[in-house]
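Number of protein chains: 2
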Amino acid sequence: MYTKILLPESEMPTHWYNVVADMPIAPAPYLGPDGNPVPPEAMLAIFPEALVMQEMSRERWIEIPEPVRDVLRLWRPSPLYRAHRLEQALKTPARIYYKNESVSPAGSHKPNTAVAQAWYNSQAGIKRLATETGAGQWGCALALAGQMFGIEVRVYMVKVSYEQKPYRRSMMETWGAEVFASPTNMTESGRRVLAVHPDSPGSLGIAISEAVEEAASRADTNYALGSVLNHVLLHQTIIGEEAKKQFELIGDYPDMVFAPCGGGSNFGGIAFPFFADKAVGKEVQLVAVEPTSCPTLTKGAYAYDWGDSAGLTPLMKMYTLGHDFMPPGIHAGGLRYHGDSALVSQLYRERLIDAVAVPQLETFEAGVLFARTEGIVPAPESCHAIAAVIREARRCQVDGEPKTLLFNLSGHGHFDMSSFDRFLAGELEDYDYPQEAIEESLRHLPKIAGL
Amino acid sequence: MYTKILLPESEMPTHWYNVVADMPIAPAPYLGPDGNPVPPEAMLAIFPEALVMQEMSRERWIEIPEPVRDVLRLWRPSPLYRAHRLEQALKTPARIYYKNESVSPAGSHKPNTAVAQAWYNSQAGIKRLATETGAGQWGCALALAGQMFGIEVRVYMVKVSYEQKPYRRSMMETWGAEVFASPTNMTESGRRVLAVHPDSPGSLGIAISEAVEEAASRADTNYALGSVLNHVLLHQTIIGEEAKKQFELIGDYPDMVFAPCGGGSNFGGIAFPFFADKAVGKEVQLVAVEPTSCPTLTKGAYAYDWGDSAGLTPLMKMYTLGHDFMPPGIHAGGLRYHGDSALVSQLYRERLIDAVAVPQLETFEAGVLFARTEGIVPAPESCHAIAAVIREARRCQVDGEPKTLLFNLSGHGHFDMSSFDRFLAGELEDYDYPQEAIEESLRHLPKIAGL
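Chain order of the listed sequences is A and B. Heads up: the first sequence begins at 0 in numbering that gives the first Met the number 0, then just goes up one per residue. Heads up: the second sequence begins at 0 in numbering that gives the first Met the number 0, then just goes up one per residue.
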């Protein structure tokens, strides 16, 4: 009997796993506004070459540079836990495991890619990184990572979050980053918004535009993104690779793997290495869990769409609710994204992975039960995976089936206590997004010749 | 080269170490208001017998019950870190290690004793625990622990903190505790204060009175304290015991051990097991670090005094600034205590341990350097130990002396970001407590016949 399964530092994976190598069909290319594939060179204005190469790579294994591994060792390998107390509370015969990514200094899985991105940029002679952040998880991760390699970090933080979540801002500043409430008057994009709406609360779309504009206009500055892109998911696969080694240590293996899915890096990080086994015939079910209020995979269309609301990014073939879809103000900020990783989308399209949507109240109920049994207060995003696991564990109890379930505890909820507060006070509600509204925003998908 | 030194769960200590067994002189007894030693039976009104026995014990080793160990395994053994990046930033030849107690679900070392106290109370048939909390670290720890053993927890939280730190309150409630802003109108002590000061912001002294009153007046309810008492320090010795095993694994041993010191459980927890080695001739220096604004050991008197401001507790022989000493509103709430553990005090009196006081700004400077090099944002209390370690590491650099330094990273600062915010904005200041003010409050020490 054990609670934690620990890997020694010497067992930390040396390579990332690139799921593209095992996909039956090559990923659809990114397209420009003219409908033609975007050439890699076009991305060099804001990304270092090494990351552009990773974005396009079909190699199965890509080496993790030693300086990146050296920083990751501050918290990795992360522990795999057996959730004995949660199992007992559910009276389930299922064995429930979770990979605890909340142990990173920034409190989530995000630094796994932030550290890699900061390092590749530092090697390319880049002195500054610009990025956007909503609630602040990604901004914190990049601030921390920039500090490790002497890179200045500028974060455009959605103004309403900047004002409502001052502690995430303080954390970024403690790690030396500059944080601005977006829209700012420092960029053309920001000034254009402020001219019309001086009191604009900001949006992720505007903040992305500001960060991209700054990166594109300065030679010493690049842009960094916290999810969606192939290289970001690649850097997260260290999670699933470690989990596989940890299961080997105890002679178990998951029947099902669950992770929250917003942009896809959380899910891809833990699930893709198991997909490698599935590709060679092993039975394992991979389940992306999303909110019913932002049901990209379960109710969206599979189509070419922009990654941002303003249409500045290349077109990506993905499940989307439409780039001007406005998800309700649920508390899992990391899952409020209209689209999804192209890789996750294509695997779902090909029925190689599964998806389920859960309503907000069920996720907080699950999170509170988890906190009261396993001790850790989970991030609202992670609560989605917990809710789906609890559903399955209850099914196992009814069927008397002792399945092995694994989920990614992607982060802690220390900066989300006001959400738990509102849940406990009965002030939260469910938002099921009406099908007609989705159909309406899907009518605005870009019209590209030949698609 | 390694970053973390991990112990497997099977190596978690099975016994707590009782420093009393190795003290050259037996500890001075607790006294009642009449100046006579307090009999153990007097403590049974609010503590279970097992804890009263531990409070009085002279046994060197006391077994940790298996159900307590089972909960501690959720985060223990905690990792020992080598702070390579901090060493590099300081260009010091010193080897700096820290024991990372921030990994507990409550974010500090406090659950080590909370779990033990909750279990012993549950074994004694107690259904509820009452306690007080200032900033909320201890209240969180007891809420978590109570949940693990089916014990209801009521927390009297100092009203000003209740209003200013809503997230610590939310966390306690997420773990199922009831939290009240003290003074309340639920106790005689609270009503008496409110009758005179309806708008009282509360104080730790008032909150203690309310919790003790509730515990003393209800047969199903006991009281729990988060520091100061012998049994609390005993439960924390698992920290130092683990650290010793971890140093054995790598063939190193500290020349100096540092910990923040408020009530003493943080310091006693990591230092006492090393005192056992010192008692048999090993060279190791144990350094308690306190704020210059609340310099109990370095500027207080060694005298009998009350543990609370209202004079409801037994008299303890300790270093004290006087029970009506009002420390300035520094941000390390856990170190704002007028007295100190009787055991720590006596060891200091006998010159078997050392103490140093550091000013507030130096502690935050140290904390920010630590965050930017090692990644983890430390609690303001922990910043005190870091500041003292940095002083010593700089001394090592000047002298070219490669000392091995260990400190207790007692907690993370996730709920203290507003303090870092104010520090970064240049809004914090140092408070050196003037000697005359200390002498004034020392004039109010209790007059006991025969002392």
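C-beta atoms are modelled at their ideal positions from N, C-alpha and C, and glycine is treated no differently. These numbers were taken from a predicted model, which means no experiment stands behind them.
When beta bridges are read from the DSSP output, Arg127(B) appears opposite Glu151(B), Thr220(B). Here the alpha carbons of Pro272(B) and Gly239(B) stand approximately 5 Å from one another. Using a 10 angstroms sphere on the CB of Val397(A), the tally of other CB atoms stays under 16, which defines it as exposed. Counting the other CB atoms within 10 Å of its CB gives His443(A) a total below 16, which places it among the exposed residues. With respect to the 7 Å criterion, Val388(A) and Phe369(A) are not classified as neighbours on the basis of their beta carbons. The straight-line gap separating the alpha-carbon atoms of Gly225(A) and Met170(B) is approximately 28 Å. Separation of the CB atoms of Val286(A) and Met255(A) is rounded to 6 Å, and the pair is thereby assigned contact status at 8 Å. Chain-ordered listing is empty here: chain B has no CB closer than 7 Å to the CB of Phe246(A), the nearest sitting near 17 Å. Gly374(B) belongs to the set of residues whose beta carbon lies under 7 Å from a beta carbon in chain A.
Look at Phe419(B): its C-beta is under 7 Å from a C-beta on chain A.
For His413(B), the chain A residues whose Cβ falls inside 9 Å of its Cβ are Gly106, Tyr166, Met170, His411, His413, Phe414, in order along the chain. Ile95(B) is bridged by DSSP to Leu404(B). In the assembly as shown, Ala302(A) is a buried residue. Its beta-carbon has 16 or more other beta-carbons within 10 Å. Chain-ordered, the chain B residues with CB closer than 8 Å to the CB of Pro7(A) read Leu5.
Among the residues facing chain B, Gly250(A) is not included, as its CB has no counterpart in that chain under 7 Å away.
Exposed is the label assigned to Ile24(A), since fewer than 16 other Cβ atoms lie within 10 Å of its Cβ. Leu404(B) sits buried, since 16 or more C-beta atoms from the chains shown fall within 10 Å of its C-beta. The beta-carbon of Gln136(B) is placed no less than 7 Å from the nearest beta-carbon of chain A. Just so you know, the alpha carbons of Val355(B) and Phe179(A) end up roughly 40 Å apart. Here Leu5(A) is near Pro78(A), since their CB atoms are less than 7 Å apart.
Residues of the stretch 174–187 of chain B with a Cβ closer than 8 Å to any Cβ of chain A, in chain order: Trp174, Gly175. Between Pro401(A) and the set Gln53(A), Leu43(A), Ala93(A), Glu391(A), the nearest pair of CA atoms involves Ala93(A). For Arg68(B), no chain A residue has a Cβ inside 7 Å of its Cβ, as the nearest lies near 10 Å away.
Contact with chain A is absent for Ala82(B), since none of that chain's Cβ atoms lies less than 7 Å from the residue's Cβ. Residue pairing by DSSP places Glu62(A) opposite His14(A) in a beta bridge. Glu289(B) carries a strand assignment under DSSP once its states are collapsed to helix, strand and coil. By alpha-carbon distance to Arg75(A), the top candidate from Leu73(B), Tyr80(B), Arg72(B), Leu71(B) is Tyr80(B).
Against chain B, the CB of Ala424(A) has no partner CB under 7 Å away; the residue lies outside that interface. By the rule that beta-carbons nearer than 7 Å mark a contact, Gln434(A) does not touch chain B.
DSSP, reduced to helix, strand and coil, places Ser226(B) outside both helices and strands of the structure shown, so it counts as coil. Look at Asp431(A) here: in three-state DSSP terms it is coil, with no helix or strand label.
Leu71(A) and Arg127(A) have their C-alpha atoms roughly 21 Å apart.
Between the stretch 204–213 of chain B and the stretch 178–192 of chain B there are three or more C-beta pairs closer than 8 Å, enough to call the two in contact.
With the criterion set as a beta carbon lying under 8 Å from some beta carbon of chain B, the stretch 20–41 of chain A has no members that meet it.
In the DSSP annotation of this structure, Tyr301(A) is not part of any alpha helix (DSSP H); the continuous beta strand (DSSP E) holding it starts and ends at 300–305. Bridge pairing for Phe257(B): Val286(B), Phe406(B) [DSSP].
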